[in-house]
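Taking full-length UniProt numbering, I'd label the letters of the sequence shown as residues 22 to 455. Cβ coordinates follow ideal geometry from the N, Cα and C atoms, glycine included. Predicted model, so just to flag it, every value in this text is computed and none were measured. Contents: one structure, followed by commentary.
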Amino acid sequence: LRRSPAEPEFHQAVREVLETIGPVVSQHPEYVRQKLLERIAEPERQIIFRVPWADDNGEVHVNRGYRVEYNSALGPYKGGLRFHPSVSLGIVKFLGFEQVFKNALTGMPIGGAKGGADFDPKGRSDSEIMRFCQSYMTELHRHVGEYTDVPAGDIGVGERELGYLFGQYKRITNRYESGVLTGKGLTWGGARVRREATGYGTVFFVQEMLAQRDQSLDGKTVVVSGAGNVAIHAIEKAQALGARAIACSDSSGYVHDPDGIDVALLKQIKDVERAPIATYAARRRPGARFVPGRPVWELPCEVALPCATQNELTEADAAALVAGGVLAVAEGANMPCTPEAVRVLRAAGVPFAPGKAANAGGVATSALEMQQNASRDSWTFEHTEARLAEIMGEIHRLCADTAARYGAPGDYVLGANMAGFIRVADAMLALGLV
Ligand code: NDP
Numbered sequence: 022l023r024r025s026p027a028e029p030e031f032h033q034a035v036r037e038v039l040e041t042i043g044p045v046v047s048q049h050p051e052y053v054r055q056k057l058l059e060r061i062a063e064p065e066r067q068i069i070f071r072v073p074w075a076d077d078n079g080e081v082h083v084n085r086g087y088r089v090e091y092n093s094a095l096g097p098y099k100g101g102l103r104f105h106p107s108v109s110l111g112i113v114k115f116l117g118f119e120q121v122f123k124n125a126l127t128g129m130p131i132g133g134a135k136g137g138a139d140f141d142p143k144g145r146s147d148s149e150i151m152r153f154c155q156s157y158m159t160e161l162h163r164h165v166g167e168y169t170d171v172p173a174g175d176i177g178v179g180e181r182e183l184g185y186l187f188g189q190y191k192r193i194t195n196r197y198e199s200g201v202l203t204g205k206g207l208t209w210g211g212a213r214v215r216r217e218a219t220g221y222g223t224v225f226f227v228q229e230m231l232a233q234r235d236q237s238l239d240g241k242t243v244v245v246s247g248a249g250n251v252a253i254h255a256i257e258k259a260q261a262l263g264a265r266a267i268a269c270s271d272s273s274g275y276v277h278d279p280d281g282i283d284v285a286l287l288k289q290i291k292d293v294e295r296a297p298i299a300t301y302a303a304r305r306r307p308g309a310r311f312v313p314g315r316p317v318w319e320l321p322c323e324v325a326l327p328c329a330t331q332n333e334l335t336e337a338d339a340a341a342l343v344a345g346g347v348l349a350v351a352e353g354a355n356m357p358c359t360p361e362a363v364r365v366l367r368a369a370g371v372p373f374a375p376g377k378a379a380n381a382g383g384v385a386t387s388a389l390e391m392q393q394n395a396s397r398d399s400w401t402f403e404h405t406e407a408r409l410a411e412i413m414g415e416i417h418r419l420c421a422d423t424a425a426r427y428g429a430p431g432d433y434v435l436g437a438n439m440a441g442f443i444r445v446a447d448a449m450l451a452l453g454l455v
C-alpha cells in the first residue's frame, strides 16, 4: 500500500479483504511462503492513456483513460468500464481488486480487471459520446480481446457506449469479435438478461438471505439508492417478488413514492430522457415527492439496497436503518457502505451482503454472454434468468458455508472474502511464480 499513496478507496478495499482472511492464511503456510498476499494486491498490469476528443463546437478536450488488468489466474481479465469525473487510478484499482474476488465467487473462468476514464458524460450529445468512445477504444483495442481482456459497462457506460466502443474495435481490427465486450445489444451479439442481471442477481441474493430466517420478500418495504442500471432492475425484480420498493435516488436527491416506484416511468426518465430524478416526482401521481440533497436511507425500510456508488451509505445512515428496523442490507453497487457503516450493521446483527457476492450476477451473466458468443448461440430469457438465479444461490451457499467452516456463521463478508481468496490463491499457486 505504501507503493500507492493517495489512493484511499484502494487502501480501503485491500484492508477490508486482508483483515478478514486471517483464518485462511493461518491454515495455509504456503500462501505466506509464496507471498500470495503481496502478489494478489499488486495488479498484473496498469494501462494509463490520453483520450483526446472534440466537442460539437470543435473545442478539443483531453481525458485520462485507464485499464487495470488485475489478475488473470482464473481466466481472461474481465470487468467494467466507468466514465465519471471521479475516476482516478485509485478508484479503478479498488474496483479491479474487488472484481478479482467477485469473479472468483461466480465459479466462472474469468480473471479480474476494471477501467474507465475521468470523462463526464452528463449533458454531452450523442455524437460527443460517440467521438469520446471511439477515441478511448482507439487506444484500448490493442490491450483487449476475447482471450485477453473483456470489458463491460459500469457507471456512465451502458448499451449506447458499448455500441460505439464495439463499433470502433470492429473497424480498427476488421474482426467481428463478439467476445471482446459484454453487455452488448441483442442485435449485435448481446445476451438476454445481461442488462437486468446485476439488479436481479442482488435481489436473488436477498431472497436467499431472508430464506435463512424463514422470510421472503413478499410484502417487504425496500429502499434503493441510485436510479441507474443496477437500481432500476433491483426495483423491478423486488416488486415482481411481491415487495414494495418505495424510493430510489440519484446524485441530486431521492424520490419517495409510498405506493411503490413505477418502473416503466423510471425507465422512461432515466434510460430514454436521461433526466434527473426530480422529473419522476413531477410526473407521477400525487403522493410521490422529491427530496433534494438528502440520503434515501432516512426512510425506514425492511430491505436496503445501495445501488449507486462507493461510500454512499455512512455510519449515520446505517444507524438510521437499524433504528428503522432493517432486516437485510445487500450491496448492489461496489463498496457503497463505508467500513463504519458495515460495523454498525454487523454489531446490530443485521445480515449484510458485500458487493462482491451480492452484485456478482452481472459479471456472471457476462460470462454466460461470452459462452453464447463462443458457441454462436442465443439463449432464451427464461433459461438465462434461471441460470442467474442458480448462480446466485451457489454464491450464497459458498459464502455461508465458508463463513461457517471458519467459525463465523452468517458472516457474508468473511465468507465472501475467504472463499474468493482461496480460489484465486490456489490458481496462482498452481500457475507458479508468474
Ligand atoms: P449507472 O451509471 O447506470 O447508474 C449510477 C446511478 O448512481 C445513477 O443514478 C447516479 O446518479 C447514481 N449516483 C452516482 N453517484 C451518486 C451519489 N453520490 N449519490 C446518489 N446517487 C449517485 O451505473 P450502474 O447502475 O451500472 O452502477 C451502479 C453501481 O453498481 C456502481 O457501483 C457499479 O460499479 C456497480 N455495479 C454495476 C454493475 C453493472 O452490471 N452495471 C455490475 C456490478 C456492480 P447521477 O446520474 O445523478 O450521477
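Might you give, ordered along the chain, the residues of its own chain that have their beta carbon closer than 7 Å to the beta carbon of R66, omitting 5 neighbours on each side?
Indexing the sequence shown from 1 puts residue 66 at position 45. Result list for R66: E90, in chain order.
Going by C-alpha distance, which of A339, V343, G453, A349 is nearest E361?
Position 340 of the sequence shown, counted from the start, is the residue given in the question as residue 361. Distance check between E361 and each of A339, V343, G453, A349 places A339 closest, using alpha-carbon atoms only.
The ligand NDP and residue 9: does the residue's C-beta get closer than 7 Å to at least one heavy atom of that ligand?
The structure shown does not extend to residue 9, since the chain is modelled only from 22 to 455, so the question has no answer here.
Would a C-beta distance cut-off of 8 Å place V244 and A268 closer than the cut-off?
By 1-based counting over the sequence shown, the position of residue 244 is 223. By 1-based counting over the sequence shown, the position of residue 268 is 247. In contact: V244 and A268 (Cβ atoms closer than 8 Å).
Tell me whether the beta-carbon of T194 lies closer than 8 Å to the beta-carbon of H162.
On the sequence shown, position 173 is the one that residue 194 refers to. On the sequence shown, position 141 is the one that residue 162 refers to. Yes; because the gap between Cβ atoms is below 8 Å, this pair is in contact.
Element boundaries [beta strand (DSSP E), containing H82]:
Residue 82 sits at position 61 when you count from the first residue of the sequence shown. Element bounds for H82: 81-92.
Between D278 and the ligand NDP, is the CB less than 7 Å from at least one heavy atom?
By one-based count along the sequence shown, residue 278 stands at place 257. Outside the cutoff, so no.
Tell me whether N394 is buried or exposed, calling it buried when 16 or more other Cβ atoms sit within 10 Å of its Cβ.
By 1-based counting over the sequence shown, the position of residue 394 is 373. Under this definition N394 is a buried residue.
Any non-hydrogen atom of the ligand NDP within 7 Å of R328 CB
Along the sequence shown, read from residue 1 onward, the residue named residue 328 stands at position 307. Sequence inspection shows Cys at residue 328; the Arg mentioned does not correspond to that position. It does: the Cβ of C328 is within 7 Å (strictly closer) of some heavy atom of the ligand NDP.
Among the candidates A125, D175, S148, S399, whose CA atom is the shortest distance from the CA of G136?
As a working mapping, residue 136 is identified with position 115 in the sequence shown. Check the Cα spacing between G136 and each of A125, D175, S148, S399: the tightest is with D175.
Is T219 near the ligand NDP, in the sense that its beta carbon is under 7 Å from a heavy atom of that ligand?
Working through the sequence shown from its first residue, we reach residue 219 at position 198. Yes; taking the cut-off as 7 Å, the Cβ of T219 has a heavy atom of the ligand NDP nearer than that.
So, helix, strand or coil for W209, using DSSP?
Along the sequence shown, read from residue 1 onward, the residue named residue 209 stands at position 188. Of the three classes helix, strand and coil, the one that applies to W209 here is helix, per DSSP.
According to the neighbour-count rule (16 or more other Cβ atoms, all chains shown, within 10 Å of its Cβ), is F402 buried or exposed?
For this step, residue 402 is matched to residue 381 along the sequence shown. Of the other Cβ atoms in all chains shown, fewer than 16 fall within 10 Å of the Cβ of F402; this residue is therefore exposed.
From D283 to A302, what does the alpha carbon distance come to, in whole angstroms?
Numbered from 1 along the sequence shown, position 262 holds the residue referred to as residue 283. Numbered from 1 along the sequence shown, position 281 holds the residue referred to as residue 302. Near 11 Å, if we compare the C-alpha coordinates of A302 and D283.
Express the C-alpha separation of K291 and P375 in angstroms, rounding to a whole number.
Position 354 of the sequence shown, counted from the start, is the residue given in the question as residue 375. Position 270 of the sequence shown, counted from the start, is the residue given in the question as residue 291. Cα to Cα, P375 sits roughly 26 Å from K291.
If you count every other CB in all the chains shown that lies within 10 Å of the CB of V81, and 16 or more means buried, which is it?
The count along the sequence shown starts at 1 and reaches residue 81 at position 60. Sixteen is the threshold: since fewer than 16 other Cβ atoms of the shown chains lie within 10 Å of the Cβ of V81, the residue is exposed.
By how many angstroms is the C-alpha of H404 removed from the C-alpha of R444?
Looking up residue 444 in the sequence shown gives position 423. Looking up residue 404 in the sequence shown gives position 383. Taking the straight line joining both Cα atoms gives about 27 Å.
Measure how close the beta-carbons of P327 and S246 come, nearest whole angstrom, since I'm counting them as under 8 Å.
Stepping through the sequence shown from its first residue, residue 327 is reached at position 306. Stepping through the sequence shown from its first residue, residue 246 is reached at position 225. Contact flag correct, Cβ pair sits at about 5 Å.
Can we count residue 15 as close to the ligand NDP, meaning its CB is less than 7 Å from some heavy atom?
Past the boundaries of the shown model lies residue 15; the chain is included only from 22 to 455, so the question cannot be answered.
Quick one: is the Cβ of N124 within less than 7 Å of any heavy atom of the ligand NDP?
Taking the sequence shown and counting its residues from 1, the one referred to as residue 124 is at position 103. No, Cβ of N124 sits at least 7 Å from all heavy atoms of the ligand NDP.
Can you tell me which residues form a DSSP beta bridge with W74?
Along the sequence shown, read from residue 1 onward, the residue named residue 74 stands at position 53. According to DSSP, W74 bridges with H82.
Identify which residue in M391, S396, L419 has its Cα closest to the Cα of L202.
One-based indexing of the sequence shown puts residue 202 at position 181. Among M391, S396, L419, the Cα nearest to that of L202 belongs to M391.
Following a CB-centred definition, is G353 positioned closer than 7 Å to any heavy atom of the ligand NDP?
Stepping through the sequence shown from its first residue, residue 353 is reached at position 332. G353 Cβ: within cutoff of the ligand NDP.
Based on the DSSP output, what are the partners of Y98 in its beta bridges?
One-based indexing of the sequence shown puts residue 98 at position 77. Beta-bridge pairing links Y98 to D170.
Three or more C-beta pairs under 8 Å: does that hold for the stretch 259-279 against the stretch 304-323?
yes
Test item: CB-CB of P97 and V171 under 8 Å
On the sequence shown, position 76 is the one that residue 97 refers to. On the sequence shown, position 150 is the one that residue 171 refers to. It is a contact, given that the beta carbons lie within the stated cut-off.
Taking the beta carbon of A354 as the centre, do at least 16 other beta carbons fall within 10 Å, making it buried, or is it exposed?
Position 333 of the sequence shown, counting from 1, holds the residue named residue 354. The residue is buried, with at least 16 neighbouring Cβ atoms inside 10 Å.
Name, in chain order, the residues that DSSP records as bridge partners for Y275.
Position 254 of the sequence shown holds residue 275. The partner list for Y275 (beta bridge, DSSP) reads S270, V312.
With H, G and I counted as helix, E and B as strand and the rest as coil, what does DSSP make of L326?
For the purposes of this step, residue 326 is identified with residue 305 of the sequence shown, where counting begins at 1. Note: L326 maps to strand in three-state DSSP.
Give a single yes or no on whether V245 has its beta carbon closer than 7 Å to a heavy atom of the ligand NDP.
Here residue 245 is taken as the residue at index 224 of the sequence shown, counted from 1. Between the ligand NDP and the CB of V245, the shortest heavy atom gap is not smaller than 7 Å.
Cut-off 7 Å between Cβ atoms - residues of its own chain near D76, not counting five sequence neighbours on either side:
Sequence index remark: in the sequence shown, residue 76 carries index 55 (1-based). Within the same chain, D76 has close Cβ partners H82, E149.
Would the stretch 216-236 and the stretch 250-260 be scored as touching if the rule is three or more Cβ pairs under 8 Å?
With the cut-off at 8 Å, the stretch 216-236 and the stretch 250-260 touch.
Using the rule of at least 16 other Cβ atoms within 10 Å of the residue's Cβ for burial, across every protein chain shown, is T208 buried or exposed?
In the sequence shown, counting from the first residue as 1, residue 208 sits at position 187. Result: exposed.
Spatial neighbours of G414 in its chain, beta-carbon cut-off 8 Å, leaving aside the 5 residues before and after:
For the purposes of this step, residue 414 is identified with residue 393 of the sequence shown, where counting begins at 1. Correct list, in chain order: F225, E229.
Can you find at least 3 beta carbon pairs, one from the stretch 55-63 and one from the stretch 124-135, that sit closer than 8 Å?
no
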